[in-house]
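Take a look at the structure below.
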Amino acid sequence: MSAMIDEAPAGFDWTQPWQLHPQVSLRPEPFGALLYHFGTRKLSFLKNRTLLQIVQTLADHSSAENAWRAAGVNDGQVVTYQQALTVLADSKMIVTREDAS
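Start counting the sequence shown at 1; every next residue gets the next number (the UniProt record's numbering).
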């Protein structure tokens with residue numbers, strides 16, 4: 001594993017299985033997507049299609065890392081996507097599958 005991957009932002013465990021929060025609606029757009037959380041009334045923007053693909057497939061993978069690998073994220077881009085997923089996790093747009101039950 002590269003050193004970049006080992007330096008995940010605090011509060012985001014990329015080794016865990018993640019998914020969209022059950023109260024979040026995702027609407028794909030040409031630029032990426034809009035996420036709306038009906039519980040918190042927060043709106044988030046996904047600013048590219050790769051991040052959209054990662055978020056859409058989180059539930060299909062055993063970890064966030066596997067989701068971004070499947071989306072073709074290379075080692076040089078990992079920190080950027082970890083940071084984006086951390087923001088989504090901090091705003092409760094995505095949750096670990098354990099927390100979603």
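Think of the CB as a built atom: it goes at the ideal place given N, C-alpha and C, for glycine as much as any other residue.
Only a predicted model underlies this, so the values are computations on that prediction, with no experimental measurement involved.
Next item on the list: State the beta-bridge partners of Y36 as determined by DSSP.
Entry: S25 and L43
Next item on the list: Measure the beta-carbon distance from T15 to E65 and round it to whole angstroms, keeping in mind my assumption that it falls under 8 Å.
Entry: 7 Å
Margin query: By alpha-carbon positions, which one of T80, A59 and R49 ends up nearest to I94?
Written below: A59
Checklist line | contact_flag[the stretch 21-28, the stretch 69-83] where n(CB pairs < 8 Å) is 3 or more | finding: no
Notebook entry, point to check: Taking the C-alpha atoms as reference points, what is the distance between D99 and L88?
Noted result: Inter-residue distance for D99 and L88 is about 14 Å (C-alpha atoms, whole angstroms).
Note to self: At 4 residues or longer, what runs of the alpha helix (DSSP H) sit wholly inside the stretch 58-84?
What the structure shows: 64-70
Item checked: Which of helix, strand or coil DSSP assigns to H96 -> Before going on, a small fix: residue 96 reads as Thr here, not His. It is a strand residue.
Notebook entry, point to check: What is the C-beta distance between S63 and P17, in whole angstroms, given that I count them as a contact (C-beta under 8 Å)?
Noted result: 6 Å
Notebook entry, point to check: Looking at F45 and L34, is the spacing between their C-beta atoms short of 8 Å?
Noted result: yes
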